[in-house]
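Position in the sequence shown (first residue = 1) + 77 = our numbering.
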Amino acid sequence: MIPKSGSRFSDKIMLQREAAAAGGRRPSRNQGRTTMKAVRILLLTLAALAVAIPAKAQDWPSRPVSLLVPFAAGGPIDVVARLLGPRLTEILGQQVIVENLGGAGGANGATRVARSTPDGSLFLFGNQATHTFSALMNKRLPYNPVNDFEPVSLLLSNVKVLVVRKDLPTKSLKEFVAYTKANQAKMQYGSAGAGSATHMTCVLLNGAMGAHTTHVPYRGTSLAFQDLVAGRIDYMCDVISTALPHIKAGTVTPLALLSNSRSPVLPDLPTALEQGLPGVDGDGWNAFFFPKDTPKPIVQKLAQAASETIDTPAIRERIAGLGLVLPGRAERGPAALGRLVTEELKKWGPAVKASGVSID
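Listed below in structure tokens is the structure:
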């Protein structure tokens, strides 16, 4: 006859087994009941936590959240982040605070987010620098772009433009190539930092030209532009949104779009390919990322808010005016962004390896 669970006889058997496990020392009946009570309390606590975590995620955000820009204020990503922030605040019902942490081509800011608590309080405005170039160029990178983040939403893509100092004696890409190759020992180009998208696009350009010039990294594009306008460096391969005000002001000279197609904001400026220099497609992208293990409901809620934000007519118009391109709906979500990151690592791997550029 099998004793029923909960009978005194079964309790006695359990106590005897516990005694055997304890080396023959027989616990008292009160000790056995205390152990069983502790187990029940533990199970109830775990069950309560299992219910509480999804409920907390559904209530997100219950307090202000931070959007971290991994570059200095005034750069192209920062400009867009501050454009999106107020609308995200309206949609989410909590303030979205834009923070800046530059350095290491975006890796410093990305590292902070990757190591943060995955509770939805902090998310990253990442790009090719944080999720492609840094990983390919830096073997000591403190994070993995695939394994340490939750992809949220692709926000936009951007076009790069080659701009040179105003007094550089070149008025076309052909003249620039000839001049650079003849003076490469003294030519310098600036970027937003080692491993940044502006750095790697110039690496592509130099490779296509067959020239070796000196890279001058800055802690953000705005600082690099100050030196370009002042004539302390010779050229940059920058995002069109940041370069456009300087181009319109006449303080720098644009020579080519580093893309496969022209831009509506500079319709008369031909691409490098059109001017006889292939292999310089520097199109980039920007996206939101949470740290790994952020609850899925939080990821989905921010993804929906991000999509609604860039669909806002006033924001669409402003982004188009900056020369930036919005992705289609099918390209925006977490799964699509995750695939993009993987594809970009494969796409740029050979180019980075061939360039020999390293920031170890």
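Don't be surprised by glycine CBs; every beta carbon is placed ideally from N, CA and C.
Asked	Found
Residues of its chain near LYS369, where Cβ-Cβ distance is below 8 Å and the 5 sequence neighbours each way are ignored	ALA191, PRO195, ASN224, ASP225, PHE226 and GLU227
CB-CB length for GLY327 against ASN204, believed under 8 Å	With 8 Å as the limit, GLY327 and ASN204 do not qualify as a contact, their Cβ atoms being about 29 Å apart.
Sequence-distant residues of its chain with Cβ nearer than 8 Å to LEU160 (five each side left out)	ILE392, ARG395 and ILE396
Residue nearest to VAL293 in terms of C-alpha spacing, selected from ALA349, LEU199, CYS314 and ALA285	CYS314
ILE310 versus GLN377: straight-line alpha-carbon distance, rounded	44 Å
Contacting residues, own chain, Cβ-Cβ under 6 Å from THR247 (five flanking each side not counted)	PHE253 and TYR256
The region 372-388 contacting the region 213-224, beta-carbon criterion three pairs below 8 Å	no
Cβ neighbour criterion (16 or more within 10 Å) applied to GLY152	buried
Spatial neighbours of ALA150 in its chain, beta-carbon cut-off 6 Å, leaving aside the 5 residues before and after	ASN177
Segment contact flag, the region 336-355 with the region 399-416, C-beta cutoff 8 Å, min 3 pairs	yes
LEU233 versus SER268, LYS424, ASP388 and VAL429, residue with shortest Cα-Cα distance	ASP388
CB-CB length for THR348 against ASN337, believed under 8 Å	7 Å
Cross-strand partners of GLN265 (DSSP beta bridge)	THR291
HIS276 burial status per 10 Å Cβ neighbour count (16 or more: buried)	buried
Close beta carbons around ILE174, own chain, < 8 Å, minus the five adjacent residues each side	PRO141, VAL142, SER143, LEU144 and GLY162
Proximal residues to ILE154 (C-beta, below 8 Å), its chain only, five neighbours per side dropped	VAL146, PRO147, PHE148, PHE202, ASN204 and ASN363
Identity of the residues DSSP links to VAL175 by a beta bridge	LEU144
Within 9 Å, strictly: CB atoms of GLY272 and GLY179	no
7 Å CB neighbourhood of PRO138 in its chain, flanking five on each side removed	LEU169, GLN171 and GLY197
ALA187 versus SER193: straight-line alpha-carbon distance, rounded	10 Å
Minimum length 4: unbroken alpha helix (DSSP H) runs contained in the region 303-341	317-326
Close-in-space but distant-in-sequence residues of the same chain around PRO411 (CB under 8 Å, 5 per side omitted)	GLU227, PRO228, VAL229, SER230, VAL376, GLN377 and ALA380
SER435 burial status per 10 Å Cβ neighbour count (16 or more: buried)	exposed
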